[in-house]
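Peer 1: Protein sequence lines, in the order shown, are assigned to chains A and B. Heads up: take any position in the first sequence, counting from 1, add 62, and you land on the working numbering. Heads up: take any position in the second sequence, counting from 1, add 62, and you land on the working numbering.
There are 2 protein chains.
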Amino acid sequence: MNDEQTPERYPERATIRDVAAQAGVSIGTASKALNGNGRLKQETRDKVVAAADALGFRPNAMAQSLHRAKSMTVGILSTDSFGRFTFPIVEALEERLAEHGIAIFMCNATDDPAREKQHLDQLLGKRIDGLLVTARRMDMRPPIAVPGKSMPVIYVFSQAEDPDALCLIPDDYGGAVLGVQHLVDIGRQRIAHIAGPTRFEAVTLRQQGYLDTLSKAGLKPVASHTLNGQWSELWGRDAVATLFDGKAEKPDALFCDNDQIARGATDALRELGLSVPNDVAVVGFDNWDVMALAARPPLTSVDMNLRELGRVAGDRLIAMIAGERLKGVERLNCSLVVRQSSDPSQN
Amino acid sequence: MNDEQTPERYPERATIRDVAAQAGVSIGTASKALNGNGRLKQETRDKVVAAADALGFRPNAMAQSLHRAKSMTVGILSTDSFGRFTFPIVEALEERLAEHGIAIFMCNATDDPAREKQHLDQLLGKRIDGLLVTARRMDMRPPIAVPGKSMPVIYVFSQAEDPDALCLIPDDYGGAVLGVQHLVDIGRQRIAHIAGPTRFEAVTLRQQGYLDTLSKAGLKPVASHTLNGQWSELWGRDAVATLFDGKAEKPDALFCDNDQIARGATDALRELGLSVPNDVAVVGFDNWDVMALAARPPLTSVDMNLRELGRVAGDRLIAMIAGERLKGVERLNCSLVVRQSSDPSQN
DNA sequence: TTGAAAGCGCTAACAG
DNA sequence: CTGTTAGCGCTTTCAA
Chain A
63 MNDEQTPERY PERATIRDVA AQAGVSIGTA SKALNGNGRL KQETRDKVVA AADALGFRPN
123 AMAQSLHRAK SMTVGILSTD SFGRFTFPIV EALEERLAEH GIAIFMCNAT DDPAREKQHL
183 DQLLGKRIDG LLVTARRMDM RPPIAVPGKS MPVIYVFSQA EDPDALCLIP DDYGGAVLGV
243 QHLVDIGRQR IAHIAGPTRF EAVTLRQQGY LDTLSKAGLK PVASHTLNGQ WSELWGRDAV
303 ATLFDGKAEK PDALFCDNDQ IARGATDALR ELGLSVPNDV AVVGFDNWDV MALAARPPLT
363 SVDMNLRELG RVAGDRLIAM IAGERLKGVE RLNCSLVVRQ SSDPSQN
Chain B
63 MNDEQTPERY PERATIRDVA AQAGVSIGTA SKALNGNGRL KQETRDKVVA AADALGFRPN
123 AMAQSLHRAK SMTVGILSTD SFGRFTFPIV EALEERLAEH GIAIFMCNAT DDPAREKQHL
183 DQLLGKRIDG LLVTARRMDM RPPIAVPGKS MPVIYVFSQA EDPDALCLIP DDYGGAVLGV
243 QHLVDIGRQR IAHIAGPTRF EAVTLRQQGY LDTLSKAGLK PVASHTLNGQ WSELWGRDAV
303 ATLFDGKAEK PDALFCDNDQ IARGATDALR ELGLSVPNDV AVVGFDNWDV MALAARPPLT
363 SVDMNLRELG RVAGDRLIAM IAGERLKGVE RLNCSLVVRQ SSDPSQN
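1. Locate the beta strand (DSSP E) running through M168 of chain A, then write down its first and last residues.
2. Can you pull out the residues from the region 172–189 of chain B whose beta carbon lies closer than 9 Å to at least one beta carbon of chain A?
3. Is the number of C-beta pairs between the region 216–236 of chain B and the region 261–276 of chain B that are closer than 8 Å three or more?
4. Could you compute how far the alpha carbon of N64 of chain B sits from the alpha carbon of S133 of chain A?
5. Would you report the Cα separation of G298 of chain A and F317 of chain B, rounded to the nearest angstrom?
6. Which partner residues does C229 of chain B have in the DSSP bridge list?
7. Measure the C-alpha to C-alpha separation of L117 of chain A and Q104 of chain A and round it to an integer number of angstroms.
8. For R268 of chain B, count neighbouring C-beta atoms within 10 Å of its own C-beta (all shown protein chains included) and say buried if the count is 16 or more, exposed if not.
9. Please report the straight-line C-alpha distance between I190 of chain A and G236 of chain A, rounded to a whole angstrom.
10. Report the rounded CA-to-CA distance for T196 of chain A versus A315 of chain B, giving the unit in angstroms.
11. In chain A, which residues lie less than 7 Å from E295 of chain B when you measure between Cβ atoms?
12. Please name the residue or residues paired with C396 of chain B in a DSSP beta bridge.
13. Measuring only from the beta carbon, is S133 of chain A closer than 8 Å to any heavy atom that is part of the ligand NAD?
14. By how many angstroms is the C-alpha of R130 of chain B removed from the C-alpha of S88 of chain A?
15. Since A83 of chain A is in the alpha helix (DSSP H), which residue starts that stretch and which ends it?
16. For H255 of chain A, which option in A:Q270, A:A83, A:Q402 and A:C396 has the closest C-alpha, if you only look at C-alpha atoms?
17. For M168 of chain B, decide whether its Cβ has a neighbour in chain A, counting only Cβ atoms nearer than 9 Å.
18. Take L245 of chain A and list the residues in its own chain whose beta-carbon comes closer than 8 Å to its own, dropping the five residues that flank it on each side.
19. Is the beta carbon of P359 of chain A closer than 9 Å to that of Q448 of chain A?
20. Can you tell me which of B:D377, B:R387, B:V399 and B:K389 puts its alpha carbon nearest to the alpha carbon of R158 of chain B?
21. Which value, in whole angstroms, describes the spacing of the CA atoms of P204 of chain A and Y217 of chain A?
22. Considering only residues of the same chain and omitting the five flanking positions on each side of D341 of chain B, which have a CB-CB separation below 8 Å?
23. When the cut-off is 9 Å and only beta carbons count, does G145 of chain B lie next to chain A?
24. Is the CB of P121 of chain A under 9 Å away from at least one CB in chain B?
25. Quick one: list the residues of chain B neighbouring S127 of chain A, beta-carbon separation under 7 Å, in chain order.
26. Within a Cβ cutoff of 6 Å, which residues of the same chain sit near K109 of chain B, ignoring the five residues on either side of it in sequence?
27. Please report whether the beta-carbon of P209 of chain B lies at a distance below 9 Å from any beta-carbon of chain A.
28. May I ask you to report which of helix, strand or coil DSSP gives L102 of chain A?
29. Would you be able to state if there are at least three C-beta pairs under 8 Å between the region 347–361 of chain B and the region 385–403 of chain B?
30. Where P214 of chain B and R393 of chain A are concerned, what is the direct C-alpha to C-alpha distance, given to the nearest angstrom?
31. Secondary structure at S404 of chain A, three-state DSSP: helix, strand or coil?
32. Roughly how many angstroms lie between the CA atoms of A76 of chain A and A160 of chain B, to the nearest whole one?
33. For the alpha helix (DSSP H) containing T138 of chain A, name the first residue and the last one.
34. By the three-class DSSP mapping on this structure, what secondary structure does G192 of chain B have?
35. State the Cα-Cα distance for the pair K441 of chain A and I78 of chain A, rounded to the nearest angstrom.
36. Classify R203 of chain A as helix, strand or coil using the three-state DSSP reduction.
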């Protein structure tokens, strides 16, 4: 009742100097109290803390970083723009890093080397503690030119032509094995592979997984076993038209390189009067809910566990920032989500 | 030939002090030379610049910011996680801000108020110059508690219950008018509206646009004119089943609240033996290429111009950082992309 | 035209 | 236990 009007709102910015003054202690003492360092009388500590939040004090992270030579920030640089694949990765990564108090600068270079360089310069100026590079799918990319070799760099969902770099990607080969083995397990004999464009390493890896699984099961690939096309529904429909044109032995299962292809294939089969999964079982890739759940019937699909990929990327980055030296290509497990397109008992 | 081995790689970090020493000038002079400030002899300037890039000098942005009281960073905080709608916005925003040398901290709170607060604290500690808040679609959200009222805050693709805030959202009403007017223009008489869930403000706005456009054209809405359901293909199929059950007068056009609904509707119509667009024209919303282009036929759709939204958000944020005070709700124009589902002459 | 020095906000080592 | 002080790397007066 005797104090002046105490404005509820915080002052613009209180410095630790203000806090110290308010608490009637030295600025060094205030720092210790606020950071839990040094040995201080509990009373003093409380006094300082009280002053701090009376003033709405919030330490200036830039000043702290300047001193500690750790910015507690990392950059994530997308060569291609961000999209469906990058999002879950980034999201999980952000979550993991946030737990450690690390913030993320997001940069997008959209396939433009000039913008990439500009972003990198900016990030280096901000003294990021680490860098994460992503790209559209898993195509090889030239390594980022980080001066000094000192800063941790991780390529996630992308690979660089740099033997010293750490690359994190899904295990496409293993994912294909998972999907095809499932078709073998449910008793299918004539399994075809409707694939994406051959220029993707993922596509050739998946094809290898497909072939190895068949041969291990003692099955022969159907005539033109792998058809390469686009990542689209249209391609899925076209491929089915080719496979079921009546000339060759018809497949009883399709392994598709993504869910769009699988969905197109499923639609085409239905329109041909064939039942999925009774006549033909279908397995997709990506487990993209928008496609996999909307398809009729819903698609069994290989999940690349992108959130897990992001989480692991976060862990690796933290380890590298702490001084560990990691390199090479790390391939993370895929998993299979079974739905009606291969198993009528699923709902 | 007489110099020691000159290591090509940059040293870890050269400070301006090193540059000054190397150039044989004072540290203040070096600063002036590097920033183009003050009056300096061209010779000195050159000497400093040469020294700087010989040493691979890169100014420490944190140190600069500490002095200039501008961090040249902003935060973008997603209440809900990032997704299909937020991405184009963020991408365009990032592009715009990058042109001004402003970097973006990306934070995701996934509907968790505790994480939201934690992120906000972190961002305030980093002394961001502005904050951008996004959410899933355009649902109202409680305002962010930024102490001091000093920092610019923009809600994009979301609205806050805060009359002092600036909110940027697509003009849903106008978008609906655009879509429905197009159907009127091509001569349709019985236009139905297959809508999303009523809890979204966007849905009620679009319904109003639909009704107003019909009435302006002297048309009556069909019997149960607006059907509310989910944002899914399944709902589109179900709605068509209801509308074409033979009891009531059948529509000759459908205005759908998103492309998934429109696609489901189109599929159902085809399976009913009806031709799109000859028997029934279909217009969707979102212009989401994955849906709109894969549908058979490809969908005419209302585009919310999300990239433009991001760009404008960037401009507004820059203006606000420069001191302008902006508030209120700004609704940005949608546009219409015409494809075969309403116009057979499109390819 | 250049140099010296104060200070942005904070921490940590060292005295007291 | 607490205060003093020297920086972290940079910019910007103010003198010279």
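The beta-carbon is built from N, C-alpha and C at its ideal position, and this holds for glycine as well.
Peer 2: Well, looking at it:
1. A165 to N170
2. T172, R177, Q180, H181, D183, Q184, L185, L186, G187, K188 and R189
3. yes
4. Because N64 of chain B carries a pLDDT of 34, less than 50, the predicted location of this residue cannot be relied on, and the following value inherits that uncertainty. Linking N64 of chain B to S133 of chain A through their CA atoms gives a straight-line distance of about 40 Å.
5. 28 Å
6. B:Y217 and B:V391
7. 20 Å
8. buried
9. 35 Å
10. 43 Å
11. A356
12. C396 of chain B pairs with nothing; no bridge assigned.
13. Among the components of this structure there are no ligands whatsoever, and the ligand NAD is therefore not found.
14. For S88 of chain A and R130 of chain B, the distance between alpha carbons rounds to 26 Å.
15. I78 to A85
16. A:Q270
17. Chain A, which has a Cβ nearer than 9 Å to the Cβ of M168 of chain B, makes this yes.
18. I253, A315, F317, A343, V345 and S404
19. Only positions 63 to 409 of chain A appear in this structure, which leaves residue 448 of chain A out of reach.
20. B:D377
21. 11 Å
22. D314 and L331
23. yes
24. Any Cβ of chain B closer than 9 Å to the Cβ of P121 of chain A would place that residue at the interface, and such an atom is present.
25. M124
26. Listed in chain order, the non-local C-beta contacts of K109 of chain B below 6 Å within the same chain comprise A85, local neighbours out to five positions each way being set aside.
27. At least one chain A Cβ lies under 9 Å of P209 of chain B.
28. coil
29. Three or more beta-carbon pairs separated by less than 8 Å link the region 385–403 of chain B to the region 347–361 of chain B, which places the two stretches in contact.
30. 43 Å
31. coil
32. 30 Å
33. Note on residue identity: the sequence assigns Ile, not Thr, to residue 138 of chain A. Here I138 of chain A belongs to no alpha helix (DSSP H); instead the beta strand (DSSP E) covers T135 to S140.
34. Reduced to three states, the DSSP call for G192 of chain B is strand.
35. What is shown of chain A runs 63 to 409, which leaves residue 441 of chain A out entirely.
36. Looking at R203 of chain A - three-state DSSP - the assignment turns out to be strand.
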